[in-house]
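S.K.: One line per chain: the protein sequences are A and B, in this order.
Start counting the first sequence at 31; every next residue gets the next number (my numbering).
Start counting the second sequence at 3; every next residue gets the next number (my numbering).
Pasting in a structure now, in structure tokens, and then I'll have a few things to ask.
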Amino acid sequence: MTPEELDLLAKDLHHEWESPDLWRRIESRRRQRAWAAAAVILAACLALALLLPRPAAQRAPDRAGGPLLSDDAFAEVAAAEKAYLRSIERLSRAAEGKLRGAKSPVMAAHAAKLQVLDEAIAELREEAERNTFSAHVHGQMAQLYRQKQETLEWVIRHD
Amino acid sequence: MKSVAYNLLGSQADAEDAVQEAFLKAHRSLAAFRGGSTLSTWVYRTLLNVCLDEGRRRARRPEAVAEPAVDSKADLRAELRRALAAIDARQRAVFLLAAVEGFTHAEISGMLAISEANSRTILLEARRKLQERLTAK
């Protein structure tokens with residue numbers, strides 16, 4: 031067999047078939063895994079919240095300072111969160127068009143990731159209302175804000 | 003993508019599973035994508051890794067795809083598939099990407115994390131081995 035004959039025969043190995051359900055399967059599996067990951071994070075947060083020393087938790091409501099966030103630290107955290115929110119709001123406006131018309135699977139995946147992040151942020155906000163001075167909750171919140179910021183920046187940079 | 007996976011794994015169902023897994027893995031590690039290659043090259047690299055892992059997991063050569071022998075060309079295709087199943091996994095991958103799917107050596111080098119020169123030599127070696135096997139029949 032000559033190299034040319036081999037090349038011609040090789041091209042015949044290309045095989046295509048219709049898979050109308052494949053994207054739906056991928057999306058459904060992705061959602062399942064995202065929820066499973068969120069559940070693990072939530073369980074870890076709850077476990078950590080339970081492990082926080084009780085006396086510190088009791089001191090938190092009167093804002094008298096202590097091992098959680100002092101008044102000054104809390105003010106700094108609140109200011110940092112406001113700065114994140116301003117930045118995210120600005121980035122969201124810039125990314126809005128691309129996300130609304132997301133056609134490519136990668137852009138659609140980023141839109142879905144942002145949705146998951148929003149849901150996680152909403153859950154943590156509720157947690158923050160219950161544990162206003164918890165450094166852990168605010169740390170988690172900052173991480174989620176950073177992820178959202180990075181994801182929005184990625185969306186703005188790519189087509 | 004499905005065609006690459008099909009030729010590496012030997013069945014449409016396995017190929018679709020591999021494509022699904024590759025997209026999920028790519029999505030999970032999107033943050034690690036630094037733009038050193040194109041996004042499609044990167045997703046293909048993930049797919050090839052999934053297929054190679056699956057091949058290792060099975061700890062056997064990919065099954066030659068059963069093809070009804072309706073004409074002499076079908077016979078030849080079946081022989082080529084058997085010959086491909088018998089060569090080294092990396093040679094098989096480079097041959098499938100270059101000769102079957104038509105990717106350039108630049109693209110293959112990105113997908114398999116090898117140099118373009120290496121991709122060329124691997125392809126030549128794969129061709130030589132396949133020719134030997136097909137001529138010996």
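Idealized CB from N, CA, C, for every residue including glycine.
Nothing here was measured: the structure is a model prediction, and the numbers come from that model.
For a contact defined as C-beta to C-beta under 9 Å, what are the partners of K27 of chain B on chain A?
M.R.: Going along chain A, no residue has its Cβ under 9 Å from K27 of chain B, so there is no contact; the nearest lies around 10 Å.
S.K.: Tell me the residue span of the alpha helix (DSSP H) that contains I71 of chain A.
M.R.: Start and end: 52 to 81.
S.K.: Whole angstroms are fine: how far does the CA of A139 of chain A sit from the CA of A113 of chain A?
M.R.: So the two alpha carbons sit approximately 26 Å from each other.
S.K.: Let me check understanding here. Comparing Cα to Cα, which of B:L49, B:Q22, B:D19, B:L11 lies closest to R60 of chain B?
M.R.: Among B:L49, B:Q22, B:D19, B:L11, the Cα nearest to that of R60 of chain B is on B:L11.
S.K.: Which term fits E125 of chain A, buried or exposed, when burial requires 16 or more other beta carbons within 10 angstroms of its beta carbon?
M.R.: The displayed chain sequence assigns Ala, not Glu, to residue 125 of chain A. Its Cβ being crowded by 16 or more others within 10 Å, A125 of chain A is buried.
S.K.: Measure the C-alpha to C-alpha separation of K143 of chain A and E34 of chain A and round it to an integer number of angstroms.
M.R.: Approximately 47 Å between the Cα atoms of the pair.
S.K.: Give a yes or no on contact between the region 76 to 91 of chain B and the region 107 to 117 of chain B, applying the rule of three or more CB pairs nearer than 8 Å.
M.R.: In short, these stretches do not touch, since the Cβ pair count stays below three.
S.K.: So for L18 of chain A, helix, strand or coil by DSSP?
M.R.: With chain A covering only 31 through 189, there is no way to say anything about residue 18 of chain A.
S.K.: Of all the CB atoms in chain B, is at least one closer than 9 Å to the CB of D148 of chain A?
M.R.: So no, D148 of chain A is outside the interface.
S.K.: Please report the straight-line C-alpha distance between G104 of chain B and H29 of chain B, rounded to a whole angstrom.
M.R.: Near 26 Å, if we compare the C-alpha coordinates of H29 of chain B and G104 of chain B.
S.K.: In whole angstroms, what separates the C-alpha of D51 of chain A from that of E159 of chain A?
M.R.: Going from the Cα of D51 of chain A to the Cα of E159 of chain A covers about 42 Å.
S.K.: Considering only C-alpha positions, which residue in the set A:L147, A:F104, A:L99 is nearest to I118 of chain A?
M.R.: Answer by Cα proximity: A:L147.
S.K.: Looking only at its chain, what residues have a beta carbon closer than 7 Å to the beta carbon of A91 of chain B, apart from the 5 residues adjacent to it on each side?
M.R.: Hits under 7 Å: L54, G57.
S.K.: Quick check on D92 of chain A - is its C-beta less than 9 Å from some C-beta in chain B?
M.R.: With a pLDDT of only 38 at D92 of chain A, under 50, the local geometry of the prediction cannot be trusted, and no value is derived from it.
S.K.: Within this structure, are the beta carbons of L132 of chain B and A85 of chain B separated by less than 9 Å?
M.R.: Taking 9 Å as the Cβ cut-off, L132 of chain B and A85 of chain B qualify as a contacting pair.
S.K.: Within its chain, find whatever has a CB closer than 7 Å to the CB of W184 of chain A; leave out the 5 residues flanking it on each side and keep chain order.
M.R.: Hits under 7 Å: H140.
S.K.: Check Q88 of chain A in the structure and name its three-state DSSP category.
M.R.: Because Q88 of chain A carries a pLDDT of 46, less than 50, the predicted location of this residue cannot be relied on, and no value is offered for it.
S.K.: State yes or no: is the beta carbon of N186 of chain B nearer than 9 Å to at least one beta carbon in chain A?
M.R.: The requested residue 186 of chain B is not part of the displayed model; chain B covers only 3 to 139.
S.K.: Please state the DSSP three-state secondary structure of E34 of chain A.
M.R.: Here E34 of chain A sits in helix by DSSP.
S.K.: Please state whether DSSP places A128 of chain B in a helix, a strand or coil.
M.R.: Helix at A128 of chain B.
S.K.: Name the residue from B:L50, B:V52, B:R130, B:L99 whose alpha carbon lies nearest to the alpha carbon of I89 of chain B.
M.R.: The option with the nearest alpha carbon to I89 of chain B is B:R130.
S.K.: If you draw a straight line from the C-alpha of E106 of chain A to the C-alpha of R123 of chain A, how long is it?
M.R.: Near 26 Å, if we compare the C-alpha coordinates of R123 of chain A and E106 of chain A.
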